[in-house]
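In the working numbering, the protein residues as written are 4 to 340.
C-beta atoms are modelled at their ideal positions from N, C-alpha and C, and glycine is treated no differently.
Computed from a prediction, not measured in an experiment: that's the story for all the values here.
Notes follow once the structure below has been shown.
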C-alpha cells in the first residue's frame, strides 16, 4: 500500500510539472500580469471583466477567479468588451479595454483604476474613456514605460469608416490620459498582413488588419509584436516592429520585419495564432508567449479560440524567436520556478 501511495504521489507531482495546450477550452486575447508570486490572467468575455489568480499559469482551469466589473447598461461602453489588459503603474492597478454601445463603429478604449495592491481587493473606479486625437475607432490598448515615459499603442481606423486597421502610438500624461495627437507607426503593407476578405452584409468586402500590439523589451532593444490579417481568416499571424533609435514617437524609427514571426501550422493543427502577450517564468530566466489559436481551419473569431503558451528564444541579432505553434499533443514543461 505504501508503494502505491508513493507512486500516486510521484505521478501527481510529475503531472503538475508538465502541461499541454490549450490551457483553457476557450478564451481570446489572453493577457497576464505577474505580481507578488502570482499570475493575474484575463481574456475577452464580451460582457464583463474577469481576473484569474494562479501561481502556475498552465493550471488556469483550477485558478481562483473574481468578477472585477460589469458595465452599466445603456452606455457607450456597455457591450462588446474586448481585449482587457491589467497593468501595475505607480503602485496602482489599471485595466484597459475596448467597448461600445452595441455598434462596432463606436468602439473606443476605456480604463478602470484600483488603488489596492491586491487587485482582488479594493474598488475598481471607472476613470473614463481614453481620448485619442483625433477621436476614432480604437481597440487593443497596450502600455509601456520606456525611458521613464509612459506610452500607449493601439489599433485604430484612419477615418470614421471601417476598411483598414492601423497601429498608433501616443505619449501618456497619466495612466488614463493621452498627450498630443496619435502617431501612425504601422499599417498593413505586406501580402502576409493583408488577408481579410469578408462575406457579410455589415462590413466592407475586405479589411486589412494590424491589431493587438504588444510591447516587448529585451537587452536594450524595444519591439512591438502585432497581429496581422483578419481574425476571421486562418492567416491571422504575428509580425514584428523594431525600434531603430530612441524615439518611439518617430514613425521612421519603427522598422517592420518583412516576414511574419509566428504563423499557422497545419501539421500541428494550430490555426490563426495571434493576439498575444508575453510573460516571464517565476524565476525570471525564461520568456514565454501567451496567445490564442483555433484547432481547425475556418473557426474564425468565435469561441473556438483558446489560450495557449510556450517558451520563446532569442536570435543572435536580439530579435525574438517564437518558433512554431506546438501541437496540442506536445507535452511541455511548466515555466521555470
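For my contact list, residue i and residue j are in at a C-beta cut-off of 8 Å; report their separation, rounded to the angstrom.
{"i": "residue 207", "j": "residue 166", "result": "5 Å"}
{"i": "residue 335", "j": "residue 264", "result": "Rounded, the Cβ-Cβ distance is 20 Å, inconsistent with contact."}
{"i": "residue 110", "j": "residue 156", "result": "With 8 Å as the limit, residue 110 and residue 156 do not qualify as a contact, their Cβ atoms being about 16 Å apart."}
{"i": "residue 338", "j": "residue 296", "result": "About 19 Å; that fails the 8 Å criterion."}
{"i": "residue 25", "j": "residue 97", "result": "With a Cβ gap of about 27 Å, residue 25 and residue 97 do not count as contacting."}
{"i": "residue 52", "j": "residue 100", "result": "7 Å"}
{"i": "residue 107", "j": "residue 83", "result": "7 Å"}
Just the Cα atoms here: how many angstroms apart are residue i and residue j?
{"i": "residue 2", "j": "residue 330", "result": "Not covered by the structure: residue 2. The range shown for the chain is 4 to 340."}
{"i": "residue 222", "j": "residue 319", "result": "12 Å"}
{"i": "residue 130", "j": "residue 75", "result": "14 Å"}
{"i": "residue 73", "j": "residue 29", "result": "20 Å"}
{"i": "residue 154", "j": "residue 33", "result": "21 Å"}
{"i": "residue 212", "j": "residue 232", "result": "5 Å"}
{"i": "residue 218", "j": "residue 312", "result": "17 Å"}
{"i": "residue 284", "j": "residue 290", "result": "6 Å"}
{"i": "residue 39", "j": "residue 202", "result": "47 Å"}
{"i": "residue 332", "j": "residue 23", "result": "7 Å"}
{"i": "residue 132", "j": "residue 112", "result": "6 Å"}
{"i": "residue 37", "j": "residue 198", "result": "34 Å"}
{"i": "residue 121", "j": "residue 196", "result": "39 Å"}
{"i": "residue 140", "j": "residue 164", "result": "9 Å"}
{"i": "residue 79", "j": "residue 64", "result": "32 Å"}
{"i": "residue 145", "j": "residue 216", "result": "7 Å"}
{"i": "residue 210", "j": "residue 237", "result": "14 Å"}
{"i": "residue 95", "j": "residue 127", "result": "11 Å"}
{"i": "residue 114", "j": "residue 184", "result": "19 Å"}
Determine the closest residue to residue i out of the options, with distance taken between C-alpha atoms.
{"i": "residue 70", "options": "169, 50, 306, 159", "result": "50"}
{"i": "residue 266", "options": "193, 259, 274", "result": "274"}
{"i": "residue 322", "options": "225, 236, 93, 250", "result": "225"}
{"i": "residue 302", "options": "316, 146, 148, 272", "result": "272"}
{"i": "residue 85", "options": "95, 102, 78", "result": "102"}
{"i": "residue 193", "options": "100, 260, 48, 121", "result": "260"}
{"i": "residue 307", "options": "20, 31, 19", "result": "31"}
{"i": "residue 134", "options": "150, 182, 161", "result": "182"}
{"i": "residue 160", "options": "191, 250, 314, 299", "result": "191"}
{"i": "residue 3", "options": "19, 77, 81", "result": "Absent from the structure is residue 3, since the part of the chain shown begins at 4 and ends at 340."}
{"i": "residue 93", "options": "299, 119, 104", "result": "119"}
{"i": "residue 180", "options": "152, 227, 268", "result": "152"}
Short of 8 Å in beta carbon distance, which residues of its chain neighbour residue i, apart from the five on each side in sequence? Order them along the chain.
{"i": "residue 186", "result": "171, 172, 173, 252, 254"}
{"i": "residue 287", "result": "none"}
{"i": "residue 162", "result": "139"}
{"i": "residue 105", "result": "81, 82, 83"}
Note down, in chain order, each residue of its chain lying with its Cβ closer than 6 Å to the Cβ of residue i, except the 5 sequence neighbours on either side.
{"i": "residue 214", "result": "143, 158, 168, 230"}
{"i": "residue 248", "result": "256"}
{"i": "residue 316", "result": "324"}
{"i": "residue 7", "result": "Caution is warranted here: a pLDDT of 44 is assigned to residue 7, below 50, making its placement in the model unreliable, and no coordinate value can be reported."}
Might you give, ordered along the chain, the residues of its own chain that have their beta carbon closer than 7 Å to the beta carbon of residue i, omitting 5 neighbours on each side?
{"i": "residue 56", "result": "41, 43, 66, 67, 123"}
{"i": "residue 35", "result": "42, 43, 44, 60, 280, 282, 293"}
{"i": "residue 189", "result": "169, 170, 213, 229, 244, 257, 259"}
{"i": "residue 147", "result": "154, 218"}
{"i": "residue 304", "result": "234, 235"}
{"i": "residue 220", "result": "none"}
{"i": "residue 27", "result": "63, 64, 309, 310"}
Tell me whether the stretch 83 to 100 and the stretch 35 to 51 touch, counting them as touching only if at least three CB pairs, one residue from each stretch, are closer than 8 Å. The stretch 83 to 100, when compared against the stretch 35 to 51, does touch it at the 8 Å Cβ threshold.
Would you check if the stretch 264 to 283 and the stretch 234 to 249 touch, i.e. whether three or more CB-CB distances between them fall below 8 Å? A contact between stretches requires three or more CB pairs, one per stretch, nearer than 8 Å, and the stretch 234 to 249 meets this requirement with the stretch 264 to 283.
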